[in-house]
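See below for the structure under consideration.
In the numbering used here, the protein residues as written are 3 to 207.
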């Protein structure tokens, strides 16, 4: 092919994350709700009957379905289903930075407003064990505890070490990741939820 023909193929291309077609994609919502005249962040405690991460604290959200028009629609739909409220009561939904995890997932977080009172929420008991809220000011006044996690590279036995410089002594670039921990009353907020929360609080400041 002529070089100009080749480049024309890329002229109007929109880039995405390399290999993202093999990733699982999820959308979540960081819900803001008014409680006694104060802005609170709402959290869910996952049902103990859930296959994945039972009993952990999270934001509403889930896998993006083909029926969802986009990531934002998925975050709103999942929040509506999990909190038992109409989609119209979820407004002012705006994107935060998305996350590409080392475990084959892409997470699209959003922040938005829940326009009902806490007593009007009807959590889906199949997915949600309980809900609770934390004053936003409480989270803004406290830095999370940070703990380091190291990812170790372990090539499979048949890996062709002879084909790369350094062979079995190749200097793999091991990756570290910071895990965030917030504490509120008897609740421990950590993992992806705490990372998104910390990102949101930092954007406010």
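All C-beta atoms, glycine included, are put in the ideal place defined by N, C-alpha and C.
DSSP state of residue 13 mapped onto helix, strand, coil
DSSP places residue 13 in coil when its eight states are reduced to three.
Provide the residue span of the beta strand (DSSP E) that contains residue 200, from first to last.
Careful: residue 200 lies outside any beta strand (DSSP E), inside the alpha helix (DSSP H) at 193-206.
Ignoring anything shorter than 3 residues, give me the beta strand (DSSP E) runs that lie fully in the stretch 142-167, in order along the chain.
Inside the stretch 142-167, DSSP marks whole beta strand (DSSP E) runs of 3 or more residues at positions 147-153, from first to last along the chain.
Can you tell me whether residue 22 is helix, strand or coil according to DSSP?
DSSP places residue 22 in helix when its eight states are reduced to three.
With contact counted as at least three CB pairs below 8 Å, one residue from each stretch, are the stretch 195-202 and the stretch 167-185 in contact?
Yes: at least three Cβ pairs fall under 8 Å.
Can you tell which of 110, 49 and 104 has its C-alpha closest to the C-alpha of residue 77?
Just measuring C-alpha positions, the residue of 110, 49 and 104 sitting nearest residue 77 is 110.
Sequence ranges, alpha helix (DSSP H) only - wholly within the stretch 46-83, length at least 4:
Those alpha helix (DSSP H) runs which fall completely within the stretch 46-83 and span 4+ residues do not exist here.
Per DSSP, what kind of secondary structure is residue 126 in: helix, strand or coil?
Three-state DSSP puts residue 126 in coil, outside helix and strand.
Do residue 98 and residue 125 have their C-beta atoms closer together than 8 Å?
No, Cβ-Cβ distance for residue 98 and residue 125 is not below 8 Å.
Between the stretch 36-54 and the stretch 119-136, are three or more C-beta pairs nearer than 8 Å?
Output reads yes: the stretch 119-136 touches the stretch 36-54.
With residue 94 as the anchor, note down where its beta strand (DSSP E) starts and where it stops.
Segment 92-97, the beta strand (DSSP E) holding residue 94.
Any heavy atom of the ligand NAD closer than 7 Å to the CB of residue 131?
Looking at this structure, you won't find the ligand NAD or any other ligand, since it has none at all.
State the start and end residues of the unbroken beta strand (DSSP E) segment that holds residue 113.
Its beta strand (DSSP E) spans residues 107-116.
Span of the beta strand (DSSP E) holding residue 180?
Start and end: 177-186.
Per DSSP, residue 102 forms a beta bridge with which residues?
DSSP lists 108 as the beta-bridge partner residues of residue 102.
To the nearest angstrom, how far is it from the Cα of residue 178 to the Cα of residue 105?
Residue 178 and residue 105: Cα-Cα distance of roughly 14 Å.
Between the Cα of residue 200 and those of 166, 48 and 138, spot the shortest distance and give me the residue it belongs to.
Each of 166, 48 and 138 was checked against the Cα of residue 200, and the nearest Cα belongs to 138.
Reduced DSSP secondary structure (H/G/I, E/B, other) of residue 35:
Residue state for residue 35 is assigned as strand, using DSSP reduced to three classes.
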